[in-house]
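In what follows, a single structure is set out as structure tokens and then discussed.
Protein chains in written order, with the numbering used here: chain G, -18 to 338; chain B, 214 to 446.
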């Protein structure tokens, strides 16, 4: 009985996801539904890259880091700058892209360490000041990016590995993709961009890497313990402030990698930080503040809601008692994530995997 | 020789002056009971020693070295184990993980596993169980066991019998008696009988000040002091 009670959040989560998918799948042809599902997973993966760090940082340190969106955006700009750097012009685009991912992640990790050490650490006992500070950093950072890169948006090319257009494209299956590197792969007869599948795979890899870190290492045990009671962790002889810094570094690094990964998909501009930050906040509220797995589930739900919402806006809704299709405003798709958040919070005020305070 | 000396410390929580010139000494190898009514400042004393609260005045010496004002992780690493009154075990971690996190050096847990399982056999049975799924008594055992993982020479134990059934308290008392053969203990306890059974020495706190201290057998025979400060007849 107790085990059933413990599994309650997971059961609710599973039921919500299944109902959600069933409700939406029935409205579209299977190949369209799968394509939209994959688009949702792509968005979910990107939201997860942002919300993972936000959730870890909030869970351990009680810091609501509004500057996380800036780190995501700056990661994209840094990655783009390296990708286009003249001194790397001799390298092929795949290698330049990998270097961009590394630079975006490592650069934001270093910046995160500096931010935590110099600005956030002195304000641990003043949460309101922290919010104001991180919000202020967002504006200052945005202006700094404007000063360096200007206000125009940029497009980051998709690396060659995911951008082939040979005679065998689109690839009929994954095996052919690895031979021809087509820009799209046929899934149920419908072409889907291969780069987006890479983003999904990257999101999954990041999820499992962090889960392994949290579950299988002593550092992970300390982080999970710190989420529950950081004072007791300190009383065991562990410098919890150093762990705070490390978690901030990991979170900032994940955001930086996310920014670079998003760049070829959504472009690089001054708006991506705020847009993704909002969705990431919604994700962690849905999943339960401070729960890493919750953040992943929340990001998945938000991504799917956006993708299926956009598709519903495009196709319209046919109600049985009406002869004409109802055309929805695109705002409905954007609002869908907030609607899901409201429903989840009505059922479980602490979020799907959150603990009651 | 004293392992721990607390000399005239003043500790505040916010603007409230909780400890007013508290002094006490814990001889090496002893069990010293810190007694007093609710709100007397017992828990604040332990939190000041471990470094979770910083005294504004006074000195705390552990093994001859000053530890007052140092952060808790530095104080604990000198060899002080802390078992707080609410147990503060990590409920979302398994028993094993609760013990692993207490390691200060690799192999600490492996070296002390036999001692821990000998004192608390339940922990072997529930080694993979989540801390939150243990009973209150088992959680208390885990909290004490966690303090035994590294090589601590002093244990600060706060209210180990709180909220536990008498049969469980008896088990805890036996375990504390056994482990006190190798480690010095400063014990905060409301249950006077339990404290009297275990401790060699005592200090009584009253309204943030030390009202009396000395050898436990002397206190046991001093019914007036017991009645006045502990409300036990």
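The beta-carbon is built from N, C-alpha and C at its ideal position, and this holds for glycine as well.
Computed from a predicted model, the values in this text were never measured in an experiment.
- A straight line joining the alpha-carbon of residue 296/G with that of residue 309/G spans about 9 Å.
- Residue ranges of uninterrupted alpha helix (DSSP H) with 4 or more members, entirely inside the stretch 4 to 84 of chain G and ordered along the chain, are 11 to 42, 49 to 64.
- Leaving aside the five residues that flank residue 377/B on each side, the residues in its chain whose CB is nearer than 8 Å to its CB run, in chain order, 349, 350, 353, 385.
- A residue is called buried once 16 or more other Cβ atoms fall within 10 Å of its Cβ, and residue 243/G is buried on that count.
- When the five nearest sequence neighbours on each side are left out, the beta carbons in the same chain lying within less than 6 Å of the beta carbon of residue 282/B are those of 267, in order along the chain.
- The beta carbon of residue 340/B does not come within 8 Å of any beta carbon belonging to chain G, so the residue lies off that interface.
- Think of a sphere of 9 Å around the beta carbon of residue 317/B: the chain G residues whose beta carbon falls inside it are 217, 218, 219, in chain order.
- Measuring C-alpha to C-alpha distances from residue 308/B to each of 298/B, 277/B, 362/B, 299/B identifies 362/B as the nearest.
- For residue 411/B, the closest of 437/B, 421/B, 312/B, 373/B by C-alpha to C-alpha distance is 373/B.
- In the structure shown, residue 232/G falls within a helical segment according to DSSP collapsed to helix, strand and coil.
- Excluding sequence positions up to five before and after residue 240/B, its CB lies within less than 6 Å of the CB of 215, all in the same chain and listed in chain order.
- Going by C-alpha positions, residue 343/B is about 29 Å away from residue 395/B.
- For residue 225/B, DSSP records a beta bridge to 230/B.
- Within the stretch 351 to 376 of chain B, the residues whose Cβ lies closer than 8 Å to any Cβ of chain G are, in chain order, 359, 363.
- When 302/G, 57/G, 96/G, 163/G are compared, the shortest CA-CA separation from residue 130/G is found for 57/G.
- Across the structure, residue 236/B and residue 220/B are spaced so that their CA atoms are roughly 4 Å apart.
- As the crow flies, the alpha-carbon of residue 419/B is around 51 Å from that of residue 263/G.
- Listed by position along chain B, the residues whose Cβ is nearer than 8 Å to that of residue 256/G form an empty set, because the closest Cβ is around 33 Å away.
- When DSSP states are grouped into helix, strand and coil, residue 162/G belongs to the coil group.
- By the Cβ rule, the stretch 20 to 34 of chain G counts as touching the stretch 246 to 263 of chain G, because three or more pairs are nearer than 8 Å.
- The straight-line gap separating the alpha-carbon atoms of residue 234/G and residue 252/B is approximately 46 Å.
- When CB distances to chain G are screened at a threshold of 7 Å, the residues of the stretch 299 to 328 of chain B falling below it are 301, 303, 304, 305, 306, 310, 313, 314, 315, 317, in chain order.
- Taking the Cβ atoms as the reference, residue 85/G lies roughly 5 Å from residue 59/G, within the contact range of under 8 Å.
- Here residue 287/G really is in contact with residue 21/G; their C-beta atoms are around 7 Å apart, less than 8 Å.
- By the neighbour-count criterion, in which a residue is buried when 16 or more other Cβ atoms sit within 10 angstroms of its Cβ, residue 160/G is exposed.
- Assigned with DSSP and collapsed to three states, residue 368/B falls in strand.
- Taking the C-beta atoms as reference points, residue 245/B is found no nearer than 8 Å to residue 298/B.
- In the structure shown, the three-state DSSP call for residue 218/B is strand.
- Just so you know, the alpha carbons of residue 246/G and residue 327/G end up roughly 34 Å apart.
- Within the DSSP bridge table, the entry for residue 245/B names 399/B, 414/B as partners.
- Secondary structure note for residue 292/B: it is in no alpha helix (DSSP H), with a DSSP letter that is neither H nor E.
- Per the C-alpha coordinates, the member of 323/B, 409/B, 397/B, 403/B positioned closest to residue 375/B is 403/B.
- For residue 170/G, same chain residues with a beta-carbon under 7 Å away, outside a window of 5 residues either side, are 12 in chain order.
- Residue state for residue 330/G is assigned as coil, using DSSP reduced to three classes.
- Legend: CB atoms of the stretch 261 to 284 of chain G lying less than 8 Å from CB atoms of chain B are not found in any residue.
- Neighbours of residue 399/B in chain G, taken as residues whose beta carbon is under 9 Å from its own, are absent, since the nearest beta carbon is some 14 Å off.
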